[in-house]
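Using the working numbering, the first residue of the sequence shown is number 11, and each one after it goes up by one. In this text, a Cβ means the ideal position worked out from N, Cα and C, and glycines have one as well. Note that the coordinates shown come from a computational prediction; the quantities given were computed from them, not determined experimentally. Input: a single structure, listed below in structure tokens.
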Amino acid sequence: MQASPHVMVVRRPRVGSFWSGLLAGLSPVAFARHFWRRREILATFARIEFLSRYHGAQLGLLWGLVSPLATLAVYTFVFSVVFKPTWAGGGQGGVMGYALILFTGLAVFEVFAGCVNRTPRLLSENVNFIKKVLFPLEILPVGILCAGALESLVSLALVALGVLLTTGSLSWTVVFAPLAYVPLCMLTLGVCWFLAPIGVFLKDLGNIVGVAVQLYFFATPILYPLSAVPEPYRRLLAINPLHPVVDHLRRTIIWGQTPDWAALAWVTVASAVVMLAGYTFFASAKRLFADAV
Numbered sequence: 011m012q013a014s015p016h017v018m019v020v021r022r023p024r025v026g027s028f029w030s031g032l033l034a035g036l037s038p039v040a041f042a043r044h045f046w047r048r049r050e051i052l053a054t055f056a057r058i059e060f061l062s063r064y065h066g067a068q069l070g071l072l073w074g075l076v077s078p079l080a081t082l083a084v085y086t087f088v089f090s091v092v093f094k095p096t097w098a099g100g101g102q103g104g105v106m107g108y109a110l111i112l113f114t115g116l117a118v119f120e121v122f123a124g125c126v127n128r129t130p131r132l133l134s135e136n137v138n139f140i141k142k143v144l145f146p147l148e149i150l151p152v153g154i155l156c157a158g159a160l161e162s163l164v165s166l167a168l169v170a171l172g173v174l175l176t177t178g179s180l181s182w183t184v185v186f187a188p189l190a191y192v193p194l195c196m197l198t199l200g201v202c203w204f205l206a207p208i209g210v211f212l213k214d215l216g217n218i219v220g221v222a223v224q225l226y227f228f229a230t231p232i233l234y235p236l237s238a239v240p241e242p243y244r245r246l247l248a249i250n251p252l253h254p255v256v257d258h259l260r261r262t263i264i265w266g267q268t269p270d271w272a273a274l275a276w277v278t279v280a281s282a283v284v285m286l287a288g289y290t291f292f293a294s295a296k297r298l299f300a301d302a303v
């Protein structure tokens, strides 16, 4: 019997073809192109996320300015009346100087903490997007990050204004300050892309992350200088990826020092690795979301 010429031959996919295709798309050019093509959706979601934080409030977007000003005033009062601390190694002294140093660290950490604390329930809150096959779910953490980074920039602008008012000048090194947001954003995105898929399957993840973020806050030299930590623990805290970020902003905005290029380089490379690993994990788990929610 002669075989029919219309018989279709089905070939089995090669083992590992999914991962090889995924990793091939993670080149810097392909990665940037992927999000550039979706820039309009990303901008829309980031705008909605930012405006929703102040939706229905009487002052509206003014809360983005009032809130950090109130925080700065509270910390200035607490550390001038109660603790009266000193911070060695910086050119900015006094009560206001310490408040600005502290507020700079808080502005950085709030970007990380706000995004990471929100991520475990992010996909569950956007079930409608999960049901749409063509919607790029990976932009959801990016939109939250953009909104948080914008608020952080407002806080840092207040720090720069405080330095200008207290010293009468602002160092030219402030032009290097935005470089801190490169590793900060990559690190935050990487962690969020890891946590978002896990949060779909583990409902208690939000509580676990909340406790972990609190511990991480005290493990980051924000309330204290790294020099105040005993030597055995100082080396451990020095590898905290948020420490070079906070230190960079303090050096360039408050102390008028040039960046520590070596520290900035290693934290940028490490954050890039975390980001790509997190994106790979998110992309590999994305096909399971629809069945889990």
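Sequence-distant residues of the same chain with beta carbon closer than 6 Å to residue i, five excluded per side
i: L197; result: P251, S281, V284
i: G115; result: I232, V256
i: V201; result: V126
Chain-order list of residues whose beta-carbon lies under 7 Å from that of residue i (same chain, five-residue window excluded)
i: L160; result: F60
i: R49; result: none
i: M11; result: Here the model assigns M11 a pLDDT of 46, short of 50, so the residue's position is not dependable and the matter cannot be decided.
i: A295; result: P207
8 Å CB neighbourhood of residue i in its chain, flanking five on each side removed
i: G216; result: N127, P130, R131, G209
i: V166; result: The amino acid at residue 166 is misidentified as Val; the sequence shows Leu. If we look at L166 and ignore the five residues flanking it on each side, its Cβ neighbours are T114, A117, A187, L259, I263.
i: L150; result: F55, L132, L133, N136, F139, A206
i: G31; result: With a pLDDT of only 44 at G31, under the threshold of 50, the placement of this residue in the model should not be trusted; the figure read from the coordinates follows. Contacts found: none.
i: I58; result: G153
i: F291; result: W203, F204, P207
i: Y243; result: none
Integer-rounded CB distance, given that residue j should sit under 8 Å from residue i
i: L247; j: G172; result: Going by Cβ atoms, the distance from L247 to G172 rounds to 26 Å, so no, they are not a contact pair.
i: A190; j: L180; result: The pair is not a contact, with the Cβ atoms about 17 Å apart (cut-off 8 Å).
i: L225; j: L168; result: About 28 Å; that fails the 8 Å criterion.
i: T278; j: H253; result: Not a contact, Cβ separation roughly 14 Å.
Which listed residue (the options) has its alpha carbon closest to that of residue i
i: G288; options: L79, R43, C195; result: C195
i: L52; options: A80, I154, T81; result: I154
i: S162; options: T278, S77, L274, G200; result: S77
i: G220; options: L205, H44, F211; result: L205
i: V185; options: L298, S237, P269; result: P269
i: F299; options: F211, W276, H253; result: F211
i: T183; options: Y108, Q267, P146, W271; result: Q267
i: L175; options: R57, G107, S294, A40; result: G107
i: F227; options: L112, L274, E148, F291; result: L112
i: L147; options: P235, A229, W203, L286; result: W203
i: L199; options: S237, A222, R244, V152; result: V152
i: A272; options: I249, V39, H44; result: I249
i: L286; options: L236, P193, Y243; result: P193
i: R297; options: P242, Y243, F145; result: F145
i: R261; options: D214, R47, P235, S62; result: P235
i: L82; options: H44, R43, V164, P242; result: V164
Closer than 8 Å: residue i CB and nearest the ligand GDP heavy atom
i: A280; result: Judged by which ligands are present, the structure shown has none, so any question about the ligand GDP falls away.
Contact between the segment 108–128 and the segment 144–159 (3+ Cβ pairs under 8 Å) = yes
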